[in-house]
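For reference, the structure is listed below as structure tokens.
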Amino acid sequence: MALRLCLLFLASLAAGVAQAAAPAPFDLAGPTLDVVVTRGKTILPASEVPNLAEGDKIWIKPEFPASQSADYLMVAAFLSGSTNPPPESWFFPCKTWTGKCSKEGLTITVPKGAQQVLVLLAPSTNGDMNALVSAVRGRPGAFVRATQDLNQAALDRSRLERYLDAIHVLNQGDPAVLKEVAPLLARSLAIKVDEKCLDKIPLLQAACLTQGQEALILNDGHSMSIAETLTSGPGADLVMAAAATPELGYGVYSPYIASVLDIVRILDSFGTAQFQYIPALSSQKGDKLALTLNAAPSFYSPKSVLVVALPAIEKKASLPPLRPVDPTDIYCAGRSALLLPVEGAPLAFSTGFAHDITLTLSGKDGKTIRLPARADAAQGGYVVNTSSLQGAALGDAVRAQLQGYWGFETYQGPTFSLKNANANAWTLADDDEDALIVGRQDTVRLRASSSSCVDGIMLRDPAGKELKAEWKTVKPGEVEVKLPLQNAQPGAMTLMITQSGVSEPHPVPIQVFSNAGRLDSFAMHAGDSQGTLKGSRLDEVASLVIGAVSFAPGELSTQGGSDSLTMVAQDAQAAAALKPDNGIAARVTLKDGRVSRVTASIDAPRPKVTLISKNVQPSRSSGDSNIQLANQDELPQDARFTFSVRAQTPATFPPDQAIEVATADEAFSAKLTIANGGIRLGDAKVALVTLDPVKAFGFSAFGPLKFRPIANAVNGDWQPLVSLVRLPVLKELKCPASAERACKLSGSDLFLVDSVSGNPQFDQAVQVSDGFPGYSLPVPHPTDGRLYLKLRDDPSVINTVALEVQVLPPSPDEIERDAAKKEAERSRKEPPADASPSNAPAPVPAAQSATPAP
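For the sequence shown, numbering that gives the first Met the number 0 gives the first residue as 0, with consecutive numbering after it.
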């Protein structure tokens, strides 16, 4: 079990390991099966049936090429779990080369109590039926596992094939669109896409996106729930199957590789002199099931028997957990091809299980309208044909639902909000009405109850000339429009909004103003090397001069029609020498050569302190994590942190002195003062600052912390402090005796782990997936008796895990394998009992022997 988990996890996260461990690919074409299932009065091809049920009638007919020379016996067999040999009446032979079966195929009915069904295709020999029945009845658990793994591999393979086919088609058409389509394919089919591939030139993207194919498939709990139809009981095979589930530490990658490895291992384990068993993976090709093999069949003894799994038998179908990508989105009912983005059920895109899907809604008259819908992985959702809505009486807003069938079961899918275009609802944002200035590209925001029906926006100038404007939806009901005003003339203009379902564009009048730039003020603190210039049209500023100090433009920001421009001193020392002054004159030069004046203020210097020392006091529970931090600058979240500072500017601490501590992005911050007890003065120049991270920031803050002094309502500069880390709790480390097998690391909050290695060089590390929800991880075997770990909050530091390794006793299967291995080695060393004396070497006289006699 641990070997399977280790192979799976490493194969998913490291392409090199995956290539080394992967079995032969399924790339040999086999025969085709025509399989039809009847339930009640409904008849469906097997390509549309995710699960079978008791009483289903199954019609099976293999299709061999016309040149087929070998006769195949087909045997359909039902299974009832790993610990229950099926009765002989559950085996149905069919001579595919002669008689009724060759013309009409085989029809069987799922008996009561059956849980799995498989098809065996064996070259015809004497006694082949009895041999096949004996093999299945002798080891039912092996065939149960093979059936489950074949079903799982087939479902995962369907997603991979759909992804690869789409990439190939797009690359043959226009490779440039791969950058847009690849993320949608990945979301629809749960495929891992390397974003670095999308940064390559278009001609190289397709090859990069399809590298390491088996490791691209992400875990899909829905396909696993369809495949895992096993009986209850104490069988070891069942325990191995459960070990691959996410709840037992499996992770986010598909069990495809592990399933294929298990299939080959299981079927190889009970080959006989007459037959060997090889897996046949089925894939949907239209209404039929095409078989692919990973080994060439043999028609010499032992002859190859193809093992094919049909859908699992379940009492209740596992319906697809399809959901909208954004439940708050509102979609336009007037679009001829309406796209509804969905996710969560990759099999809806890669198989024919979901069929006859429609978008169902009701008109004003109460009549139900059904619109055909089809899944399109490249577009990331269901595409709905809305041509039937023309002339239909709909309200301004309506709720619609995807409905259809999942196999034989009726399916009620997610619901969506649709809205018709409203030609008179668009308005300009209030703070943008007076903000448009000619001579530059400017931005406005348009608002309405819904923006889903917008197709395009044009700008019409006073002369009637129309220019295409760039636009994008920034949130439901609001679009941002970039207006090309570089060469425009001031005056009245019109935005023309084209919407689906509305014949005429909707006009929105706007007013564009001439260059009305103004200079409001310039402010900086004494000792600083930069300040802030405020006004409008500050993009035209070339320089600012105070006395002999020259400032150059830095970052420009605009808010509510006002600009703020950072001005950076060309000589930092000269700027720092400027004395506080609230009425000093500054000279501003514009890019066109004009010179203007603005009043500047040099405010009091910013407060400044120096860090003296710092100390971390771990909490009582910190030791429960069993992680030894290697960097003294790492602060556990539940620890108590104290640091001391010395006043520089001003020379002593004022009564309102404060120290602000914040994360790097300032999303979390805390202000520590003398009044709230966060600061205690040692004397007028030295202060002790105490921080409780959990009380100050809560449980979600992490990463580098910084601090700055605040005095007299003036903020000082930020300074680095420590790195705040959240520690997972590691409880036990269990390892098998064999160093080749992975260990199991158990604990809580494992999503806080970035990676784990068995050695300090970190050359064989296991990466932990983002948002890992499990309570155990497969980890490398420690090489020196300890594990090494990187935290997600600070992956630059390698820490040590202080856990004692618990060595697990070997399993019965391992003991049996070791014994068989030793017996095989002993047999090779000892000569056969009936060896002819004439063939034996002549005895060496004792006096001439090179070694003493035993």
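No residue lacks a Cβ here, since even glycine has one placed at the ideal position from N, Cα and C.
> Where does the unbroken alpha helix (DSSP H) through Glu813 begin, and where does it stop?
Replying inline: Translated into positions along the sequence shown, residue 813 becomes position 814. From DSSP, the alpha helix (DSSP H) with Glu813 extends over Pro811 to Lys828.
> Do you know offhand how far Leu445's Cα is from Val507's?
Replying inline: Here the question's residue 445 lines up with position 446 in the sequence shown. Here the question's residue 507 lines up with position 508 in the sequence shown. Those two C-alpha atoms are separated by around 9 Å.
> Can you tell me whether Gly697 is buried or exposed, with buried defined as 16 or more other CB within 10 angstroms of its CB?
Replying inline: For the purposes of this step, residue 697 is identified with residue 698 of the sequence shown, where counting begins at 1. Burial state of Gly697 is exposed, judged by a 10 Å Cβ sphere holding fewer than 16 other Cβ atoms.
> In its own chain, which residues sit with a C-beta less than 8 Å from the C-beta of Thr651, not counting the 5 before and 5 after it?
Replying inline: Against the sequence shown, residue 651 aligns to sequence position 652. Here Thr651 has Ala683 and Lys684 as same chain residues with Cβ atoms under 8 Å from its own Cβ, once five neighbours each way along the sequence are excluded.
> According to DSSP, is His858 helix, strand or coil?
Replying inline: In this structure the chain extends from 0 to 853, so residue 858 is not present and cannot be described.
> Got a sec? Which residues, its chain only, sit under 6 Å from Asp55 by beta carbon, not counting five neighbours each side?
Replying inline: Sequence index remark: in the sequence shown, residue 55 carries index 56 (1-based). Closer than 6 Å at the Cβ level, and outside the excluded window around Asp55, lie Val36, Arg38 and Val109.
>> Does the segment 354-374 come into contact with the segment 466-474, if we say contact requires no fewer than three beta-carbon pairs (one atom in each stretch) closer than 8 Å?
In response: Segments in contact, no.
> Which one of Asp460, Thr531 and Thr799 has the shortest CA to CA distance from Asn625?
Replying inline: For the purposes of this step, residue 625 is identified with residue 626 of the sequence shown, where counting begins at 1. For the residues Asp460, Thr531 and Thr799, the minimum Cα distance to Asn625 belongs to Thr799.
> What three-state label does DSSP hand Ala134 in the structure shown?
Replying inline: Locating residue 134 in the sequence shown gives position 135, where the first residue counts as 1. The answer is helix: DSSP assigns Ala134 an H, G or I state.
>> Within 10 Å of its beta-carbon, does Thr97 have 16 or more other beta-carbons around it, so buried, or fewer, so exposed?
In response: In the sequence shown, counting from the first residue as 1, residue 97 sits at position 98. Per the 10 Å Cβ criterion, exposed.
>> Closest to Ser81 by C-alpha separation, out of Arg144, Ser595 and Leu537, would be which residue?
In response: The residue given as residue 81 occupies position 82 in the sequence shown. It is Arg144.
> Run through DSSP, which three-state label would Gly697 get?
Replying inline: The sequence position of residue 697 within the sequence shown is 698, counting from 1. It is coil, neither helix nor strand.
> In chain order, which continuous runs of the alpha helix (DSSP H) of length 4 or greater are located wholly inside the segment 309-365?
Replying inline: Listed in chain order, the complete alpha helix (DSSP H) runs (minimum 4 residues) inside the segment 309-365 are 346-349.
> Within the chosen definition, does the segment 647-661 reach the segment 688-708 through at least 3 CB pairs nearer than 8 Å?
Replying inline: As far as the Cβ criterion goes, the segment 647-661 touches the segment 688-708, which means the pair count is three or higher.
>> In the DSSP output, what is Thr651 paired with across the bridge?
In response: Residue numbering aside, residue 651 sits at position 652 when the sequence shown is read from its first letter. DSSP output for Thr651 lists no bridge partner at all.
> I think Ile611 touches Arg645, with their Cβ atoms under 8 Å apart; what is that distance to the nearest whole Å?
Replying inline: Mapped onto the sequence shown, residue 611 falls at position 612. Mapped onto the sequence shown, residue 645 falls at position 646. The Cβ separation is near 6 Å, so the contact holds.
>> Only counting the same chain, and skipping five residues up and downstream in sequence, which positions put a Cβ closer than 6 Å to that of Thr588?
In response: As a first step, residue 588 is located in the sequence shown; it is residue number 589 there, counting from the start. Correct list, in chain order: Ala541, Ser542 and Val594.
> From which residue to which residue does the beta strand (DSSP E) around Ser854 run?
Replying inline: No answer is possible for residue 854: it lies beyond the span of the chain, which begins at 0 and ends at 853.
> What's the C-alpha gap between Met492 and Arg459?
Replying inline: On the sequence shown, residue 492 is found 493 positions in, with the first residue counted as 1. On the sequence shown, residue 459 is found 460 positions in, with the first residue counted as 1. Taking the straight line joining both Cα atoms gives about 6 Å.
> With distances taken between CB atoms, is the gap from Leu131 to Phe298 smaller than 9 Å?
Replying inline: Within the sequence shown, the letter at position 132 stands for residue 131. Within the sequence shown, the letter at position 299 stands for residue 298. Not in contact: Leu131 and Phe298 (Cβ atoms no closer than 9 Å).
> What do you get for Ser66, buried or exposed, if any count of 16 or more other CB atoms within 10 angstroms of its CB means buried?
Replying inline: As a first step, residue 66 is located in the sequence shown; it is residue number 67 there, counting from the start. Burial call: exposed.
> From the DSSP output, which residues share a beta bridge with Asn614?
Replying inline: Your numbering for residue 614 matches position 615 in the sequence shown. Bridge partners of Asn614: Thr641.
>> Can you check which of these residues, Val608, Ala344, Thr641 and Ala141, is closest to Gln647 by C-alpha distance?
In response: The sequence position of residue 647 within the sequence shown is 648, counting from 1. In this structure, Val608 is the residue among Val608, Ala344, Thr641 and Ala141 with its C-alpha nearest to the C-alpha of Gln647.
>> Relative to the C-alpha of Lys287, which candidate in Ile42, Ser281, Asp219 and Asp33 has its C-alpha closest?
In response: One-based indexing of the sequence shown puts residue 287 at position 288. Taking only the C-alpha atoms, the option nearest Lys287 is Asp33.
>> So Gln805 and Glu731 are supposed to be a Cβ contact under 8 Å. How far apart are they, rounded?
In response: Position 806 of the sequence shown, counting from 1, holds the residue named residue 805. Position 732 of the sequence shown, counting from 1, holds the residue named residue 731. About 6 Å; that satisfies the 8 Å criterion.
> For Tyr276, does the three-state DSSP call read helix, strand or coil?
Replying inline: On the sequence shown, residue 276 is found 277 positions in, with the first residue counted as 1. DSSP places Tyr276 within a strand segment (E or B) once states are collapsed to three.
>> Distance check for Asp328 and Thr106, CA to CA, integer angstroms please.
In response: Position 107 of the sequence shown holds residue 106. Position 329 of the sequence shown holds residue 328. Looking at the backbone, the Cα of Thr106 and that of Asp328 are separated by about 49 Å.
> In angstroms, rounded to a whole number, what distance separates the CA positions of Glu408 and Gly172?
Replying inline: Working through the sequence shown from its first residue, we reach residue 408 at position 409. Working through the sequence shown from its first residue, we reach residue 172 at position 173. Going by C-alpha positions, Glu408 is about 38 Å away from Gly172.
> So, do the segment 538-557 and the segment 493-512 have three or more beta carbon pairs nearer to each other than 8 Å?
Replying inline: A contact is defined here as three or more CB-CB pairs under 8 Å, and the segment 538-557 fails this definition with respect to the segment 493-512.
>> Pull the bridge partners of Pro508 from the DSSP assignment, please.
In response: The residue you call residue 508 lines up with position 509 of the sequence shown. Partner residues in the beta bridge of Pro508, as assigned by DSSP, are Thr493.
>> Quick check on Val765: buried or exposed, where buried means 16 or more other Cβ atoms within 10 Å of its Cβ?
In response: As a first step, residue 765 is located in the sequence shown; it is residue number 766 there, counting from the start. So Val765 ends up on the buried side.
> Using a Cβ-Cβ cut-off of 7 Å (strictly less than) and excluding sequence neighbours within five positions of Trp405, which residues of its own chain qualify?
Replying inline: On the sequence shown, position 406 is the one that residue 405 refers to. Taken in chain order, the residues that qualify are Pro49, Ala316, Leu318, Pro319, Phe352 and Ala353.
>> Please state whether the Cβ-Cβ distance between Pro340 and Gly403 is less than 9 Å.
In response: For this step, residue 340 is matched to residue 341 along the sequence shown. For this step, residue 403 is matched to residue 404 along the sequence shown. Gly403 is positioned such that its CB atom lies no closer than 9 Å to that of Pro340.
> From what residue to what residue does the alpha helix (DSSP H) around Pro772 run?
Replying inline: One-based indexing of the sequence shown puts residue 772 at position 773. The continuous stretches of alpha helix (DSSP H) do not include Pro772, and DSSP gives it neither H nor E.
>> Only counting the same chain, and skipping five residues up and downstream in sequence, which positions put a Cβ closer than 8 Å to that of Pro461?
In response: The residue you call residue 461 lines up with position 462 of the sequence shown. These residues qualify, in order along the chain: Gln488, Gly490, Ala491 and Met492.
>> Buried or exposed, going by whether 16 or more other CB atoms sit within 10 Å of the CB of Gly412?
In response: In the sequence shown, residue 412 corresponds to position 413, counting from 1. Buried, by the Cβ-count rule.
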